[in-house]
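Take a look at the structure below.
In the working numbering, the protein residues as written are 15 to 208.
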């Protein structure tokens with residue numbers, strides 16, 4: 015695994031620096047939705063850090079550690095960063111990105127409702143993304159991925175149908191609900207019949 019100073023240099027120190035700049039910007043512009051912005055920036059950073067950590071350690075794991083079959087101390091550390099730590103950081107970012115965008119949209123819904131043609135476009139794009147999620151989840155060992163997509167899906171569906179805003183004023187939330195529902199449900203059904 016990484017040394018503590020490496021983890022600090024990779025996640026909290028640069029993230030804190032970025033958040034301080036965002037807070038300064040929010041103070042200058044007198045923004046009223048600072049929390050959502052901080053959640054969004056944190057999500058972006060963690061998403062990118064997790065992805066970067068995974069890609070580098072995945073390369074090292076394949077190139078020098080026989081795709082995780084080597085059990086040397088360094089290969090165990092590389093495998094842990096490749097298969098676990100990077101995923102936790104990545105999915106923490108993914109959750110925060112989705113929560114921030116849905117929170118923005120829910121707090122500041124569209125002024126004008128979306129039309130049927132817009133919903134058709136959202137569905138078409140959601141279908142493609144949902145198939146990608148299904149392809150990623152259904153054909154490999156289920157890990158944290160399915161639970162993360164499922165949790166975000168449930169939040170999106172709850173906001174659409176139990177929240178105070180009509181669904182036609184929340185197109186991004188509708189998009190998340192449709193695409194994640196297709197990917198998660200498809201994976202669960204495929205898992206039951208295979």
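For glycine and all other residues, C-beta sits at the position ideal for the given N, C-alpha and C.
Reduced DSSP secondary structure (H/G/I, E/B, other) of residue i
i, result
"residue 184", "coil"
"residue 189", "helix"
"residue 210", "Shown here, the chain extends from 15 to 208; a query on residue 210 therefore has no answer."
"residue 41", "helix"
"residue 47", "coil"
"residue 89", "helix"
Sequence-distant residues of its chain with Cβ nearer than 6 Å to residue i (five each side left out)
i, result
"residue 50", "114, 117 and 118"
"residue 143", "193"
"residue 148", "197, 200 and 201"
"residue 100", "64, 67 and 68"
"residue 159", "151"
Closest by C-alpha distance to residue i, when choosing among the options
i, options, result
"residue 180", "66, 203 and 121", "121"
"residue 72", "38, 61 and 89", "89"
"residue 104", "153, 59 and 21", "59"
"residue 94", "70, 26 and 112", "70"
"residue 163", "109, 38, 127 and 139", "109"
Beta-carbon contacts of residue i that lie in its chain and below 8 Å, excluding the five residues immediately before and after
i, result
"residue 33", "52, 55 and 56"
Residue i - containing alpha helix (DSSP H), residue span
i, result
"residue 120", "100-121"
"residue 125", "Note, residue 125: premise wrong, no alpha helix (DSSP H); not H, not E."
"residue 163", "158-176"
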